[in-house]
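Asks: First the structure, then my questions, so here it is.
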Amino acid sequence: MSTTLFTNARLIDPEAQTDGMGSLLVRDGRIAGIGAPDEPAPEGATQIDCRGRALAPGIVDWGVKIGEPGERHKESFRSAGRAAAAGGVTTVIVRPDTLPPIDTPEALEFAARRATDAPVNIRHMAALTRAREGREMVEIGFLTDAGAVAFTDGVRVVRDSKLLSRCMTYARGLGALIVGHPQDASLSAGAAATSGKFASLYGIPAVSPMAEVMGLDRDLALVEMTGVRWHADQITTEAALPALARARDKGLDVTAGISIHHLTLNEYDVGDYRTFFRFTPPLRPETDRQAMVDAVASGAIDVIASFHTPQDEESKRLPFEAAAPGAVGLQTLLPAAMRLVHQGGLTLPQLWRAISLNPARRLGLEAGRLAKDAPADLVLFDPDAPFVMDRFALLSKSKNTPFDGARMQGRVKGTWVAGNRVYGGEA
Amino acid sequence: MSFRARHLLGIDHLKPDEITALLDLAQEYAAFNRRTIKHSDALAGMTQINMFFENSTRTQSSFELAGKRLGADVMNMSMQSSSVKKGETLIDTALTLNAMQPDLLVVRHPHSGAVNLLAEKVNCAVINAGDGRHEHPTQALLDALTIRRAKGRLHRLTIAICGDIAHSRVARSNLILLGKMENRIRLVGPPTLMPSGVADMGVEVHQDMKKGLEGADVVMMLRLQKERMDGGFIPSEREYFHRFGLDAEKLAVAAPDAIVMHPGPMNRGVEIDGTIADDINRSVIQDQVEMGVAVRMAALDLLARNLRAERGRAASGVMV
């Protein structure tokens, strides 16, 4: 029966969209109340003086790759959990694209057992088709019972529209959420950059952003046909936004996300073939990046996530087009996202709606709120504290971040999961 | 001497005065190569390794001859049949070779940027002999020397580059070099063989070959890869030749003294009519091959000079 009072906190409430001074009382792992900044502590309570720093619901990071099973040398639940805690991430939504993939209840049970190594909340997504091969659907019912919060084949697009429509129809019957990767698979095959002047001058195989629009159009047509609950993992191009808006106007149950890298980097950051900047989908032109920041601010894009993808050095020390895509992000999500706040693109409550409240809501989790009775999953951070990112200081087993050497602002001072401190010593 | 580069990875990194310096030296080597005794000791004692991860006969023999005429010890490695097949990474291959203490490394690789990656890991001078669809700098330089000799200058010319621009590193390097030297560049070809973003590159783009060749001083044809001929990018060889093959009728709209170039190997009857390729009054295709050796000698020589100077500074303890 522990009680903690956070005083002098700048409370970021993504639900009420407020940003103001106050105090927050935590009892037995849940938020017990919110009061004035100098609220007196109840008897027996631990008091933490936040000294004006920001206190917000912990980040819910949707789409994290962990190398268990199969690639534990790249990332384990323990290392990812420690990185998450240090990054202010209190709930990690894990991708099923492991080796082998999480496509049976037994595989999910294994991952769930391993996940107890992590000091933060772990929730699992399951594959949508067996072995992520796009031929047969997984046991959506059993996997839901085993705790799968969503179903996805990750960046592997289900090409067979008939099979996908059946998966969607079946999932709708169970109320399950499907996460799609909007992309025309044949157009984007082999591509490592967005077509345009940069890709042409550097001779990198490229794909038009229209491949994303085409993939989205197909998937939305199937969503309309089947009525499934559906989420686009990454919408990264301005040209895809009208289709998303039309789908919502029709009343389809559709949401969309984007990676932090597509909001903070553009295609020219690849520079001289720097493979830490290789992503799927590839980085976009600056005009797209700006449009996507606006789309997050307006709510057209619901979720920002790190798409944490650990890769060992050997997967990246290759020519650009042969290198593995993806970057680690659990620990860099918060400072990278703070760039958007410092540049004036988003307010802190808007940002927290996208990195905490919306993903939690969409996945049916209690997290993401700063309200009475919500779980006390919290992050305390200094939004302005400057530092230079050193990739070898990251707690992930893999160090593939595009922000190595970058000047960033925003440092996590403490992370709590269900009222227990999992990161940070000082207030 | 104003050629300062450590490696020759692309035209993009060269300044116009560096290009001119290299061409001036190549011009001297072109005369040298016409002598009966063509041997220099400029690279005596130095080791040159030609590492070709992609098949090549012409470029590799040109580099080999260039190195040998300058007195270097030249070794050819065909990487297709070697440790690469055993799973060795590019970087490990580079480190292995580096340990053998070569001075000059000539590299061709099917991936764009691969030669840049390799150059970061070795402490000799690296020449890019073609990387993916990215650059082929010595080809652009030999084309530039050929143009300069035929036209008397390398600026204010109208140059039409025709054919498969999208997949051609030759086109990219030429585009950059000829742009740097302030020429008017036209790209001619079907839209399926044009790179994306071409509208932002400061060039004219034509789909009508006659409009593209109108008044041109230089007509540069590109090779069409066999694997792109059937259905994928163009409907057929014969339609391609009809619309984009260089024949007398299309060439007639170019300037009366226009020269015709081709990097080879040619597909006669696909991108170029055989009689034009053989017309000694118009075609400078054989000159290109000749200038190729001279340009590569100049590149090897200049990089070797910079390498010696760098090592001399390091040996004498001068802080660089």
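In the order they appear, the protein sequences are chains S and X.
Using my numbering, the first residue of the first sequence is number 1083, and each one after it goes up by one.
Using my numbering, the first residue of the second sequence is number 79, and each one after it goes up by one.
The beta-carbon is built from N, C-alpha and C at its ideal position, and this holds for glycine as well.
#1: Relative to the C-alpha of L1137/S, which residue among H1155/S, G1145/S, T1100/S is closest?
#2: Between R211/X and chain C, is there a C-beta pair that is closer than 7 angstroms?
#3: Which value, in whole angstroms, describes the spacing of the CA atoms of R301/X and F81/X?
#4: Tell me M1103/S's beta-bridge partners as DSSP assigns them.
#5: Pick out the complete beta strand (DSSP E) segments inside the stretch 1171-1236 of chain S, 3 residues or longer, and give them in chain order.
#6: Whose C-beta lies closer than 6 angstroms to the C-beta of A1293/S among residues of the same chain, with five residues either side of it excluded?
#7: Apply the 10 Å Cβ neighbour rule to V398/X and answer buried if 16 or more other Cβ atoms are within range, or exposed otherwise.
#8: Which residues in the same chain have their Cβ closer than 7 angstroms to the Cβ of D1466/S, if we skip the five residues on either side of it in sequence?
#9: Label I115/X either buried or exposed according to how many other C-beta atoms from any shown protein chain fall within 10 Å of its C-beta, with 16 as the threshold for buried.
#10: Can you tell me the Cα-Cα spacing of R84/X and D365/X, whole angstroms?
#11: Look at the Cβ atom of E213/X, then the Cβ atom of R250/X, and state whether they are nearer than 7 angstroms.
#12: For the ligand ADP, any of its heavy atoms closer than 6 angstroms to the Cβ of E1448/S?
#13: Across which residues does DSSP place T125/X in a beta bridge pair?
#14: Output yes if chain S places a C-beta closer than 7 angstroms to the C-beta of G310/X; else output no.
#15: List the residues of chain X that A1288/S touches, going by C-beta distances under 7 angstroms, in chain order.
#16: Entirely within the stretch 317-367 of chain X and at least 3 residues each: give me those beta strand (DSSP E) ranges in chain order.
#17: Suppose the cutoff is 6 angstroms on Cβ atoms and the five residues either side in sequence are ignored; what does the same chain contact list for H91/X look like?
#18: Taking 7 angstroms as the cut-off, decide whether the C-beta atoms of H340/X and M369/X are in contact.
#19: Under 7 angstroms between C-beta atoms, does A1404/S make it to chain X?
#20: Would you tell me roughly how many angstroms separate the C-alpha atoms of R360/X and G241/X, rounded to the nearest one?
#21: Let me know the beta strand (DSSP E) ranges lying completely inside the stretch 1122-1159 of chain S, each 3 residues or longer, listed in chain order.
#22: Consult DSSP for K199/X and reduce its assignment to one of helix, strand or coil.
#23: Can you tell me which of T1369/S, R1212/S, M1307/S, A1377/S puts its alpha carbon nearest to the alpha carbon of G1339/S?
#24: Pull the bridge partners of L1259/S from the DSSP assignment, please.
#25: Between the C-alpha atoms of V1461/S and G1450/S, what's the straight-line distance to the nearest angstrom?
#26: Which one of G1117/S, R1164/S, E1157/S, G1102/S has the shortest CA to CA distance from Y1505/S?
#27: R1254/S touches chain X at which residues, Cβ-Cβ below 8 angstroms?
#28: So is S47/X in contact with chain S if we call contact Cβ pairs under 7 angstroms?
#29: For V1239/S, which residues of its own chain have a beta-carbon under 7 angstroms away from its beta-carbon, when the five flanking residues on both sides are left out?
#30: Taking a contact to mean a Cβ-Cβ separation below 7 angstroms, would you say W1434/S touches P1187/S in this structure?
#31: With burial defined as no fewer than 16 other Cβ atoms inside 10 Å of the residue's Cβ, what is the status of A1118/S: buried or exposed?
#32: Given that L1400/S touches chain X, what residues does it touch there, using C-beta distances under 9 angstroms?
#33: Using a beta-carbon distance cut-off of less than 8 angstroms, what residues from the stretch 256-280 of chain X approach chain S?
#34: Would you please verify whether the beta carbon of V398/X is less than 7 angstroms from any beta carbon of chain S?
#35: Using CA atoms only, rank isn't needed, just tell me which of P1407/S, A1409/S, A1228/S, R1366/S is closest to A1208/S.
#36: Whose C-alpha, out of A1091/S, T1086/S, T1089/S, R1112/S, is nearest the C-alpha of A1456/S?
Replies: Taking the definition as stated:
#1: T1100/S
#2: Included in the structure are the protein chains S and X, with no chain C among them.
#3: 31 angstroms
#4: R1092/S
#5: 1171-1176, 1203-1208, 1230-1233
#6: If we look at A1293/S and ignore the five residues flanking it on each side, its Cβ neighbours are Q1265, D1266, L1269, S1270.
#7: Reliability fails at V398/X, whose pLDDT of 48 lies under 50, so the model's placement of it is uncertain and the value that follows must be treated cautiously. Burial call: exposed.
#8: Q1491
#9: exposed
#10: 28 angstroms
#11: yes
#12: Ligands in the displayed structure: none, and consequently the ligand ADP is not present.
#13: D151/X
#14: no
#15: S274
#16: Taking only runs of at least 3 residues, the beta strand (DSSP E) segments lying wholly in the stretch 317-367 of chain X are 337-339.
#17: Taken in chain order, the list of residues that qualify is empty.
#18: No, the pair does not count as a contact, with Cβ atoms beyond the cut-off.
#19: At a cut-off of 7 angstroms between C-beta atoms, A1404/S counts as an interface residue with respect to chain X.
#20: When rounded, the distance between both Cα atoms is 19 angstroms.
#21: Within the stretch 1122-1159 of chain S, the complete beta strand (DSSP E) runs of at least 3 residues are 1128-1131, 1136-1139, 1141-1146.
#22: helix
#23: A1377/S
#24: Bridge partners of L1259/S according to DSSP: R1311/S.
#25: 11 angstroms
#26: R1164/S
#27: For R1254/S, there are no neighbours in chain X by C-beta distance under 8 angstroms, as the nearest C-beta there is about 39 angstroms away.
#28: The displayed coordinates of chain X run from 79 to 398. Any statement about residue 47/X would go beyond what the structure contains.
#29: Excluding sequence neighbours, V1239/S sits near H1263, Q1265, A1267, G1297.
#30: For W1434/S and P1187/S, no; Cβs fall outside 7 angstroms.
#31: exposed
#32: T167, L168, I169, H189, A192, L195
#33: P273, S274, G275, V276, D278, M279
#34: Per-residue confidence for V398/X stands at a pLDDT of 48, beneath the threshold of 50, marking its modelled position as unreliable; the derived number appears in the next sentence. It does not; no Cβ of chain S falls within 7 angstroms.
#35: A1228/S
#36: R1112/S
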